[in-house]
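Engineer: Just dropping this structure here.
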Ligand SMILES: [Zn+2]
């Protein structure tokens with residue numbers, strides 16, 4: 004006799020979580036972040052340095068510094084720059100075929116400038132995306148940590164749960 008119990012299907016908890024700060028639509032949040040403004044209210048600067056995220060928005064109190072963008076912005080920047088630069092190099096080679104030194108003299112500085120120009124907007128858009136999705140560290144601590152790390156299980160070896168959180 005086969006087991007007739009229906010399969011259990013895991014469903015993500017999609018209940019909206021109320022926040023103390025405004026929650027604009029995703030494109031608005033990402034565009035504000037790409038423009039270097041707070042993704043939540045669009046009023047205050049997102050960055051406190053070239054790539055350092057401000058700890059919080061002084062106007063709407065969105066926890067900008069708690070969004071762990073980590074390696075995602077450099078990854079996205081590399082993907083975009085590589086497609087632009089390699090695509091252009093293929094077109095130039097097919098149509099003009101310049102000498103190699105000309106490639107080095109033009110495409111190396113172009114790659115550097117394009118990378119530096121895109122790092123801030125890409126990081127800002129990533130922070131806007133993550134804030135929209137509720138992926139700041141405190142939310143992860145309160146929502147996922149209990150499921151992933153039951154009581155008594157330390158998240159980091161040698162430290163108490165939640166202690167010593169790294170900062171971006
Ligand atoms: Zn704000």
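Numbering (this note's numbering), first residue to last: 4 to 171.
Beta carbons: idealized from backbone N, C-alpha and C, even for Gly.
Pull up the DSSP beta-bridge partners for residue 50, would you.
Structural biologist: Its beta-bridge partners are 56.
Engineer: Considering only residues of the segment 67 to 122, which uninterrupted alpha helix (DSSP H) runs meet the minimum length of 4 residues and lie entirely inside it, listed in chain order?
Structural biologist: Fully enclosed alpha helix (DSSP H) runs of 4 or longer: 75 to 98.
Engineer: Using C-beta distances below 7 Å, list every residue in its chain close to residue 59, excluding the 5 sequence neighbours before and after it, in chain order.
Structural biologist: Result list for residue 59: 65, 66, 67 and 68, in chain order.
Engineer: Helix, strand or coil: which one does DSSP assign to residue 35?
Structural biologist: Helix.
Engineer: Please look up how many angstroms separate the CB atoms of residue 140 and residue 71, rounded, as I've assumed it's under 8 Å.
Structural biologist: Confirmed, Cβ separation roughly 6 Å.
Engineer: Measuring only from the beta carbon, is residue 24 closer than 7 Å to any heavy atom that is part of ligand 1?
Structural biologist: Yes.
Engineer: Alpha carbon to alpha carbon, how far is residue 90 from residue 36? Give it in angstroms, no decimals.
Structural biologist: Rounded to whole angstroms, residue 36 to residue 90 spans 27 Å at the Cα level.
Engineer: From residue 126 to residue 22, what distance separates their C-alpha atoms?
Structural biologist: C-alpha separation (whole angstroms): 22 Å.
Engineer: Would a C-beta distance cut-off of 8 Å place residue 129 and residue 57 closer than the cut-off?
Structural biologist: Not in contact: residue 129 and residue 57 (Cβ atoms no closer than 8 Å).
Engineer: Helix, strand or coil: which one does DSSP assign to residue 12?
Structural biologist: Coil, per DSSP.
Engineer: I want to check one thing, is the minimum distance from the CB of residue 128 to the heavy atoms of ligand 1 below 7 Å?
Structural biologist: No, ligand 1 has no heavy atom inside 7 Å of this Cβ.
Engineer: Quick one: what's residue 40 bridged to in DSSP?
Structural biologist: Paired residue(s): 48.
Engineer: Assess contact between the segment 81 to 88 and the segment 106 to 123, defined as three or more Cβ pairs (one per stretch) separated by less than 8 Å. Is contact present?
Structural biologist: These segments touch.
Engineer: For residue 25, which of 44, 105 and 79 has the nearest alpha-carbon?
Structural biologist: Considering only alpha carbons, the answer is 44.
Engineer: If residue 42 sits next to residue 138, beta carbons under 8 Å apart, how far is it from one beta carbon to the other, in whole angstroms?
Structural biologist: Incorrect: roughly 12 Å between the Cβ atoms, too far for contact.
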